[in-house]
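Visitor: FYI, in the working numbering the residues of the sequence shown are 136 to 756. A virtual CB, placed ideally from N, CA and C, is assigned to each residue, including glycine.
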Amino acid sequence: MNDVTLSFRGLEPRESTSWSYGARVAGSEALEEQYTLAQRTYNNMVEVTRQALAAFNEWFAEKDPEIARLGTEIERLGAQWAEAKARDDRDELARIAAERRPLRQQWYERCFAVRKDNRGEVNALLKQWVGSAKESRLYLARVEAVKAGLYWATATAVMTAVQRAWDKQFPRLRPVAFSRRSEKRRETLVVQFTESGGVAMETLHTKHGGLWIEPPGEGLLSAWANGRRPGRPDRYLRFRMRIGGRGREGVYVEGSVQMVRPVPEGARVMMARLVRERVATRYRYQLQLVLRLAEPLSIPAEDKAPRVALDIGWYYEAGRGRRVIAYTAGANEDAVEQIYLDPSIDEAFDRVDDMNSRRSLARDDVTIALRCCQWDGAPEALAEALSAINRLPVAHVSPARLAQMVWLWREHHGDYRPDVLEELWAWRRWDKKLYETSAHLRRRTAGRRKKFYEGWARHFASRYATIVVVRPDLREAAMVKNAISGEHTALTARARQGRVRAALYEFLNVVATKAAEAGSVVIELTGRTTTECSACGEIMVVPEDNPATRLLVCHACGVSHDREANSAVLAFRVLDDEASVTKGLAHAQEKADKARERRYKRRTAMRDARWKDEQTTTSGQ
Ligand SMILES: [Zn+2]
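Written as C-alpha cells, this is what we have:
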C-alpha cells in the first residue's frame, strides 16, 4: 500500500458560522423592490466587469501586436460562426471550431505572458475597475444603486458577489455571466451590524434598528434547555428586519421565524440575511444569522475512541436500500457496520425521475405535433416562436420554452387557431403542475438525505478522534478497466444516477464540518486499490462479467469478502503506520494554521474597509 495519499481535513476549528432558520414573510412592495434592485445592481455591476474585460483586452493588444492580430482573426471566425449557425450548417461549424481553437490558445497564452510581465499595471487596472476602494468603477455602480434605493448592506453584499465571480473568471479572461432572474433560485437581502464585533443576541431581542426578533417564550426556552425540538406554536417568533430606507427612515419587512435551536452561548451576530428561494412557483424564505463564535464550536465528547474508517459508496441493494457507508472501528471484517439510506429516499427520487420522463415524453409529442401543422396566416411573433422551436432537435426543446410560446399565443393571439391553443393550454397546465410537484419532492427528499448525513457525521465526530475516509471516486477507477471491455453504458449510467442520488460529497463536507466542530481529524485516502485482500494482502480479481459485484473471493487464501467491508478494514489499517501519519498530520496542521492566519488578516482588512464605508454612506444621506 505504498501508493496511498493521505489528506487531512477538519483541522481548523470554525470561528464563524451561519445559522439558517425557516421564515414566513409577508410579501410587500418594498420587499419586491429591494429584490428587484439587488438583481438589477448585480447585472449593472456585471456590465462594469465586462467593460473592464474589454479594457484589458485593448491593453493586451497594445502591449503585443500579435495579440491584436489573433484577436481580429478570432473575431472574423466568430462572424462566420454566427452565419453558419443561422444556416444550421454543422460541418461548417465544426470546421470553424477546429480553426478557432488553436488561435484562442495562442491568444490566451500571449495575454497570460503580458499579464505576468506587467504585474504593476495589471494591479492598477484592476484597482481602477473592480477594486473595493471608492474610486473604482464597481464602487461607483454601488453608489448609484444606493442612490436608487438599494439598502447599503445589500449593495455591499452584491458587490462582493460580483467581485467573487470576477476573481473566478478573470484568470481565464472570460466574462462574468449576467444573472437572469427567471433562472435564479436564490436571492438575498442583507442587514449588517456595524458595531465592531457584531451584536449580542439579547440586543436583537430588545431593540435593534437592523433586526428585531421577539424574545423566546417559556415553552421555547425549556425545549432548548432540554435539547428537544420545540413544538409548533412555541417555535414561531415574530421578527422585523430592515431592508431599506435612509438615515432614520427605515423600510422594514415583518414575519415570523422558526427558532428550532438557539444560537450558541456568547455568539455575536455579525450580519443577517433574508434569503428567498424559489421552489416551483412559490417562495420560501430563510433568515440567516452570520455568527462569530465565542469559542470554536465543539461537540462535547469525552473518551473518544482513537479512530474509525469509512468506505463510502452508492450500491443499491433491492429491499434494503442504497448502501452508502461501511464503517469499522476495528481491523477485521467482523467489526464492520453498514449504513443504508432509507429506501423511501430512492423511491422518492424514482418518482421524481418518472415525472420528469413523463414531461419529456409529452414534450416530444407536443413538439412533433407542432411540426406537422401548417401555420398559414399565423401572427408574425407567433410564427417566429414556432419556427425557432421547429429548428431545434426535439430533445433540445425545453418544456419551459414551449410553455413560453403557448403563453405568448394565449396572451396576444388568442383568436388564432383557438382549437389548437386550447389543447396546448391543457398540456401547459398539466406540465406546470407536474413540474411543481417534482421540484417540491426533489427538494424535500434532498433535505431528508442531508439530515440523515448530518446525524451520522455528528455520530462519527463525537465518538472518534480520527475519521479515515476512502474517497468514492476510487471505485470508479476500478470500473474503468471493465468499461473498456464494453457493455459499460448501462452500468455507468446507473452508477452515475446512484452517485447523484447518494450525494456523497455532501456527506464528506458535513463530516469535515462536524469533525472541525468536535476537534476530530478527517483523513481522506486516495490512490489505493480496494481489491486487496484484507486477510492475506493478495490483489483479488474482479470478475469481468460482473464488475460491480459486492462479493470478492481471494484466490490466494480462499477467503470471500464483502467489497466495502474489506475496503473499510484496509483503510482502518493504513493508520497503523503511525510515523507517516504523525508527520503528515503535523504538516497539514501547519498549513491550516498559515491559511487561518492569512484569512484572518484579509478579513480584518475587509471589515475595516466596510466599516469606514458605512460611516461615510450613512453620514452622506
Ligand atoms: Zn487472501
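(1) What do you reckon, is the C-beta of residue 466 under 7 Å from a heavy atom of ligand 3?
(2) Please name the residue or residues paired with residue 372 in a DSSP beta bridge.
(3) Measuring CA to CA, which of 215, 391, 181 is closest to residue 315?
(4) Pull the bridge partners of residue 228 from the DSSP assignment, please.
(5) With hydrogens ignored, establish whether the beta-carbon of residue 482 is closer than 7 Å to any heavy atom of ligand 1.
(6) Name the one or two DSSP bridge partners that residue 480 has.
(7) Check whether the Cβ atoms of residue 231 and residue 215 lie closer than 8 Å to each other.
(8) So, helix, strand or coil for residue 349, using DSSP?
(9) So, at 6 Å on beta carbons, what are the nonlocal neighbours of residue 562 in its own chain, with the 5 sequence-adjacent residues on each side left out?
(10) So what's residue 510 in DSSP terms, helix, strand or just coil?
(11) Just to confirm my understanding: we take residue 304, look at its own chain, exclude 5 residues before and 5 after, and list those with CB closer than 6 Å. What are they?
(12) Pull every residue with its beta-carbon under 6 Å away from any heavy atom of ligand 1, and keep them in chain order.
(13) Helix, strand or coil, according to DSSP, for residue 354 in the structure here?
(14) Taking one C-beta from the stretch 160-180 and one from the stretch 381-391 each time, how about it: are there three or more such pairs within less than 8 Å?
(15) Consult DSSP for residue 690 and reduce its assignment to one of helix, strand or coil.
(16) Whose C-alpha, out of 542, 465, 277, is nearest the C-alpha of residue 701?
(17) How is residue 710 classed by DSSP in three states: helix, strand or coil?
(18) Whose C-alpha, out of 718, 284, 267, 283, is nearest the C-alpha of residue 298?
(19) Report the three-state DSSP secondary structure of residue 697 (helix, strand or coil).
(20) Taking 8 Å as the threshold (C-beta atoms), are residue 173 and residue 279 in contact?
(21) Is there contact here, the stretch 222-229 with the stretch 184-192, by at least three beta-carbon pairs under 8 Å?
(22) According to the Cβ coordinates, are residue 405 and residue 326 closer than 8 Å?
(23) Among residues of its own chain, excluding the 5 on either side of residue 313, which ones have a beta-carbon nearer than 6 Å to its beta-carbon?
(24) By how many angstroms is the C-alpha of residue 520 removed from the C-alpha of residue 235?
(25) DSSP on residue 675, reduced to helix/strand/coil?
(26) Hey, residue 398 and residue 154: beta-carbon distance below 8 Å or not?
(27) Which stretch, first to last residue, makes up the alpha helix (DSSP H) that contains residue 597?
(28) Between residue 638 and the rest of its own chain, which residues show a CB-CB distance below 7 Å, the 5 nearest in sequence each way excluded?
(29) Please identify the residue among 549, 554, 496 whose C-alpha is closest to the C-alpha of residue 531.
(30) Nearest-angstrom Cα distance between residue 650 and residue 287?
(31) Starting from residue 291, trace the alpha helix (DSSP H) in both directions and tell me its first and last residue.
(32) So for residue 213, helix, strand or coil by DSSP?
(33) Which of helix, strand or coil does DSSP assign to residue 445?
(34) What does the alpha-carbon distance come out to for the pair residue 249 and residue 421?
(35) Taking C-beta to C-beta, are residue 393 and residue 371 nearer than 8 Å?
(36) CA-CA distance, residue 136 and residue 670?
Guide: For this structure:
(1) In the structure shown, ligand 3 is absent; the only ligands present are ligand 1.
(2) Here residue 372 refers to the residue found at position 237 of the sequence shown. Answer is 392, bridged to residue 372.
(3) By one-based count along the sequence shown, residue 315 stands at place 180. Minimum Cα distance to residue 315 is reached at 181.
(4) Here residue 228 is taken as the residue at index 93 of the sequence shown, counted from 1. In the DSSP output, where bridge partners are listed per residue, residue 228 has none listed.
(5) The residue labelled residue 482 in the question sits at position 347 within the sequence shown. Result no, Cβ not under 7 Å from ligand 1.
(6) As a working mapping, residue 480 is identified with position 345 in the sequence shown. DSSP output for residue 480 lists no bridge partner at all.
(7) Against the sequence shown, residue 231 aligns to sequence position 96. Against the sequence shown, residue 215 aligns to sequence position 80. Cβ atoms of residue 231 and residue 215: closer than 8 Å.
(8) Taking the first residue of the sequence shown as 1, we reach residue 349 at position 214. Assignment of residue 349 by DSSP, reduced to helix, strand and coil, places it in the coil class.
(9) Position 427 of the sequence shown, counted from the start, is the residue given in the question as residue 562. The beta carbon of residue 562 is closer than 6 Å to those of 501 in its chain, skipping five residues each way along the sequence.
(10) By 1-based counting over the sequence shown, the position of residue 510 is 375. Residue state, collapsed to three classes: coil.
(11) The residue given as residue 304 occupies position 169 in the sequence shown. Its chain contains 311 as the residues whose beta carbon lies nearer than 6 Å to that of residue 304, once the 5 sequence neighbours on both sides are disregarded; these appear in chain order.
(12) What you get when you keep residues with a C-beta closer than 6 Å to any heavy atom of ligand 1 is 668, 670, 671, 673, 689, 691, 692, 694.
(13) Sequence index remark: in the sequence shown, residue 354 carries index 219 (1-based). If DSSP states are grouped into helix, strand and coil, residue 354 belongs with the helices.
(14) Result yes; three or more Cβ-Cβ pairs closer than 8 Å.
(15) Start at 1 with the first residue of the sequence shown, and residue 690 comes out as number 555. For residue 690, the three-state secondary structure derived from DSSP is coil.
(16) As a first step, residue 701 must be located in the sequence shown, where it is residue number 566. Ranked by Cα distance from residue 701, the first of 542, 465, 277 is 465.
(17) Sequence index remark: in the sequence shown, residue 710 carries index 575 (1-based). The answer is coil: DSSP assigns residue 710 none of H, G, I, E or B.
(18) By one-based count along the sequence shown, residue 298 stands at place 163. The shortest C-alpha to C-alpha distance from residue 298 to any of 718, 284, 267, 283 is the one to 267.
(19) Residue numbering aside, residue 697 sits at position 562 when the sequence shown is read from its first letter. Of the three classes helix, strand and coil, the one that applies to residue 697 here is strand, per DSSP.
(20) Residue numbering aside, residue 279 sits at position 144 when the sequence shown is read from its first letter. Residue numbering aside, residue 173 sits at position 38 when the sequence shown is read from its first letter. No, these two residues do not count as a Cβ contact at 8 Å.
(21) No: fewer than three Cβ pairs fall under 8 Å.
(22) Position 270 of the sequence shown holds residue 405. Position 191 of the sequence shown holds residue 326. Their beta carbons are not under 8 Å apart, which means residue 405 does not touch residue 326 by this criterion.
(23) Here residue 313 refers to the residue found at position 178 when the sequence shown is read from its first residue. Apart from sequence neighbours up to five positions away, the residues of its chain that approach residue 313 with a beta-carbon distance below 6 Å are 178, 181, ordered along the chain.
(24) Position 100 of the sequence shown, counted from the first residue, corresponds to residue 235. Position 385 of the sequence shown, counted from the first residue, corresponds to residue 520. In a straight line, the C-alpha of residue 235 is about 31 Å away from that of residue 520.
(25) Your numbering for residue 675 matches position 540 in the sequence shown. If DSSP states are grouped into helix, strand and coil, residue 675 belongs with coil.
(26) Within the sequence shown, residue 398 is the residue found at index 263, counting from 1. Within the sequence shown, residue 154 is the residue found at index 19, counting from 1. It is a contact, given that the beta carbons lie within the stated cut-off.
(27) Taking the first residue of the sequence shown as 1, we reach residue 597 at position 462. Taken as a continuous stretch (DSSP letters only), the alpha helix (DSSP H) holding residue 597 covers 553-598.
(28) In the sequence shown, counting from the first residue as 1, residue 638 sits at position 503. Within the same chain, 584 come within 7 Å of residue 638 by CB-CB distance, once the 5 residues on both sides are set aside.
(29) Taking the sequence shown and counting its residues from 1, one reaches residue 531 at position 396. Closest by alpha carbon: 496.
(30) Here residue 650 corresponds to residue number 515 of the sequence shown, with the count starting at 1. Here residue 287 corresponds to residue number 152 of the sequence shown, with the count starting at 1. Between residue 650 and residue 287, the C-alpha separation is close to 36 Å.
(31) The residue given as residue 291 occupies position 156 in the sequence shown. Under the DSSP assignment, residue 291 falls in the alpha helix (DSSP H) whose first and last residues are 287-304.
(32) Position 78 of the sequence shown, counted from the first residue, corresponds to residue 213. Correct three-state label for residue 213: helix.
(33) Taking the first residue of the sequence shown as 1, we reach residue 445 at position 310. Strand at residue 445.
(34) Position 114 of the sequence shown, counted from the start, is the residue given in the question as residue 249. Position 286 of the sequence shown, counted from the start, is the residue given in the question as residue 421. If I take the Cα positions, the gap works out to 46 Å.
(35) Residue 393 sits at position 258 when you count from the first residue of the sequence shown. Residue 371 sits at position 236 when you count from the first residue of the sequence shown. Their beta carbons are under 8 Å apart, which means residue 393 touches residue 371 by this criterion.
(36) Looking up residue 136 in the sequence shown gives position 1. Looking up residue 670 in the sequence shown gives position 535. Unreliable positioning characterises residue 136 in this predicted model, as indicated by a pLDDT of 41, which lies under 50. The coordinate reading is nonetheless provided below. Residue 136 and residue 670: Cα-Cα distance of roughly 14 Å.
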